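Take a look at the structure set out below.
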Amino acid sequence: MWQCNYQNQSVEVQMFLDEDCNDYDYSYYTVFNECVDSAQVNCTVDLLVPESSYTSLTYSNDCQSQKLPIIANSYPLGICYEGLSKLTWYINTCNSSYVTSQFYGIPNEQTGSISGDGTSASSSYIPSSSGGSNSEQTGSSWSGSSYSGTTSQSSLLLSSSLSSSGSEGLQCYESNLLFSNYYEIATDSLQCQDSQTIVFCSE
């Protein structure tokens, strides 16, 4: 559970031992606008939407009592960026109808095959500019249509030629493409829809 503490200019994260947040475990604090593990946190009443990004809004299953999104994530458009595993990369593009999210991995130079995580790409959900586990593109239901390819049944392998840091380590090459996801863009309304994730672009 996340709580904004404006008096101390920090975000309190309360951890629980159960999914219903009844059995409290511990809390930790992160100061507003302080870089921690390559991320900053803050609290706002307005949705922050970066330029050249696409945003997904995930709503609860009861829009009557919770009209605001329970999760809002934004992802960059048109640039190659690294996933949390440091063995995966993403490029997102947007047109008038769909967001295309391309997922890249490193070829196994021994066999020439493309390595993957052994799963399909359907119902996948985003590397976030705000950091966190969402950066591995896993998630739940989407509004509209979702189309996807598949990836090979092999473990992800690190190429010996991969640079450990910097732009030389980015591997968004066509030969490394594992699959692409296509997310339909909301064209009518961004208002709450029960248990749905709505996608839109900001150029």
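Sequential numbering from 458 applies to the sequence shown in this note's numbering.
The C-beta atom is built at its ideal place from N, Cα and C for all residues, glycine as well.
These figures come from a predicted structure and were not determined experimentally.
Quick check on DSSP: helix, strand or coil for residue i?
i: N633; result: helix
i: Y516; result: coil
i: A529; result: strand
i: C500; result: coil
i: N638; result: strand
i: A578; result: Any reading at A578 needs caution, since the residue's pLDDT is 29, under 50, leaving its predicted position unreliable; the model's value is listed next. DSSP places A578 in coil when its eight states are reduced to three.
i: M458; result: coil
i: Q464; result: coil
i: S652; result: coil
i: I548; result: strand
i: S484; result: strand
Please identify the residue among the options whose C-alpha is closest to the C-alpha of residue i.
i: C658; options: M472, S513, L504 and Q521; result: S513
i: L544; options: Q628, G535, T557 and I528; result: Q628
i: S510; options: E491, Y485, N552 and L541; result: N552
i: D482; options: Q466, Q471, C520 and N530; result: Q471
i: E641; options: Y538, N479, T550 and C492; result: T550
i: L634; options: L504, S558 and E476; result: S558
i: E508; options: S632, I536 and K524; result: I536
i: I630; options: D477, D645, E476 and F560; result: It is worth fixing the name first, because residue 630 is Tyr in this sequence and not Ile. Answer by Cα proximity: F560.
On the criterion of 16 or more Cβ atoms from any shown chain inside 10 Å, does residue i qualify as buried, or is it exposed?
i: F636; result: buried
i: I527; result: exposed
i: I563; result: buried
i: V656; result: buried
i: S495; result: exposed
i: L534; result: buried
i: T644; result: exposed
i: G575; result: Any reading at G575 must be qualified, since the residue scores a pLDDT of 31, below 50, and its modelled position is unreliable; the value itself is stated next. By the 10 Å Cβ count, G575 comes out exposed.
What is the rounded straight-line gap between the Cα of residue i and the Cα of residue j?
i: Q464; j: E660; result: 35 Å
i: S531; j: T515; result: 12 Å
i: N647; j: V493; result: Note that residue 647 is Leu in the sequence shown here, rather than Asn. Spanning the two alpha carbons is a distance of roughly 31 Å.
i: Q497; j: Q523; result: 26 Å
i: S484; j: W459; result: 10 Å
Between the beta-carbon of residue i and the beta-carbon of residue j, is there less than 8 Å?
i: V502; j: Y486; result: no
i: Y538; j: Y547; result: yes
i: N479; j: F489; result: no
i: C520; j: C649; result: yes
i: S652; j: N518; result: yes
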